[in-house]
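K.L.:
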Amino acid sequence: MEADRAFDNQEYILAAARYEALQDQYPETSIRQDIIFRQGIALYSASAYHESRVVFLGYLEKYPHGQYFEDVEEYVRKIDLLMSKAAPAAAKRLADVRTRADLNELFALLADHPTDSRVLEAIGDTQWKLGNYEEAVAYYFKANQIVSTREERNLNNSKLILDDDGQPIPLTPEILNQMDVRRRPLRVYGMHTYTSRSPSGDAGGDIQFYNLTGSVRNQGNELLRGVEVEVIYRDITESVLDVDYVKIGTLGPGEVKTFLSRADSYDNLYNIVSYDVELHWEH
């Protein structure tokens, strides 16, 4: 398909125009859903956020149970963040509120500055101090979503790629060959672990969940579908204690998404000392 070739060649505006022209050829079919979805991603990849948002919102309205519904919702969230004109919180005000650790004040600050990841992190820290571990991790995850979306734009605009340690380096043909990006297009980085406890009940405040957050980036030129993170939790002898699969969905070229994994095999939680991460996608 000519539109796909244009997309793979990073001619995103041309690809979007060709996808739009194809839609009338496939009325009310699953192929039409695929074409609209790809058109939205092509526009997103070209940083045509307003146009991409229009396409994605049209998809959500027309296909409320569509096969790409969750992916499209995530794109709309990211676009709204990138297009937001909300100002960050003043450093002094945030510091004062953080010091008082008052959730009501922090939520009021978040209402005024909904795209400030620092406010979300402050809420997470306060929830953690209060023993609300699950709520804390949820806010840390939301903060990471904002950070990774902005990081995605900065990496792409600066033409940078992530090395094996997750550090940005200049994108050159030599680096692409050296890192074998065509064969290994996905990079996972920015991982953090959190241990949450049961605040009450039979567990008596014991460890209840082992949480891992991180980000995944598509460093290649192709659209990757069915991206999944496999997290393997191990004990001190390297034996497998638990395996968790986290659905990422679709990743366009240069795109970053965050993930949250939980090991919830209660008998094994005390014994987790390490983890491995494997990345899968549809070939």
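Residue numbers (our numbering): 472 to 754.
Virtual Cβ for every residue (Gly too), placed ideally from N, Cα, C.
1) Is Val714 closer than 8 Å to Arg705 when the C-beta atoms are compared?
2) Which word fits Pro559, buried or exposed, when buried means at least 16 other C-beta atoms lie within 10 angstroms of its C-beta?
3) Give me the residue from Glu605, Ile719, Leu657, Thr684 with the minimum Cα distance to Glu693.
4) Which residues mark the beginning and the end of the beta strand (DSSP E) in which Pro641 is found?
5) Is it right to say Ala674 is buried, meaning 16 or more other beta carbons lie within 10 angstroms of its own, or is it exposed?
6) To the nearest angstrom, how far is the alpha carbon of Ile507 from that of Arg688?
7) Taking Leu531 as the reference, which of Ser518, Pro641, Gly511, Ala519 has the closest Cα?
8) Between Ala477 and Leu514, which are expected to be in contact by the criterion C-beta below 8 Å, what is the C-beta distance as a whole number of angstroms?
9) Please classify Ala572: does DSSP put it in a helix, a strand, or coil?
10) Quick check on Ala558: does DSSP put it in helix, strand or coil?
11) Compare the Cα-Cα distances from Met650 to each of Gln690, Ile707, Glu622, Leu581 and report the closest residue.
12) Assuming Lys613 is part of the alpha helix (DSSP H), what are its boundary residues?
13) In terms of DSSP beta bridges, what is Asn689 paired with?
14) Near Val543, which residues of its chain fall below 8 Å by C-beta distance, leaving aside the five closest residues on each side in sequence?
15) So that I know if they touch, is there some Cβ in chain B lying closer than 8 Å to that of Asp567?
16) Whose C-beta lies closer than 7 Å to the C-beta of Leu552 among residues of the same chain, with five residues either side of it excluded?
P.N.:
To lay it out plainly:
1) no
2) exposed
3) Leu657
4) 639 to 641
5) The predicted position of Ala674 is uncertain, since its pLDDT is 46 and thus under 50; no value can be drawn from it.
6) 23 Å
7) Gly511
8) 13 Å between Cβ atoms; not a contact.
9) coil
10) coil
11) Gln690
12) 604 to 628
13) Leu657
14) Phe508, Gly511, Phe527, Tyr530, Leu531, Gly537
15) Protein chains in the displayed structure number just one, and chain B is not present.
16) Thr586, Ile617, Thr620
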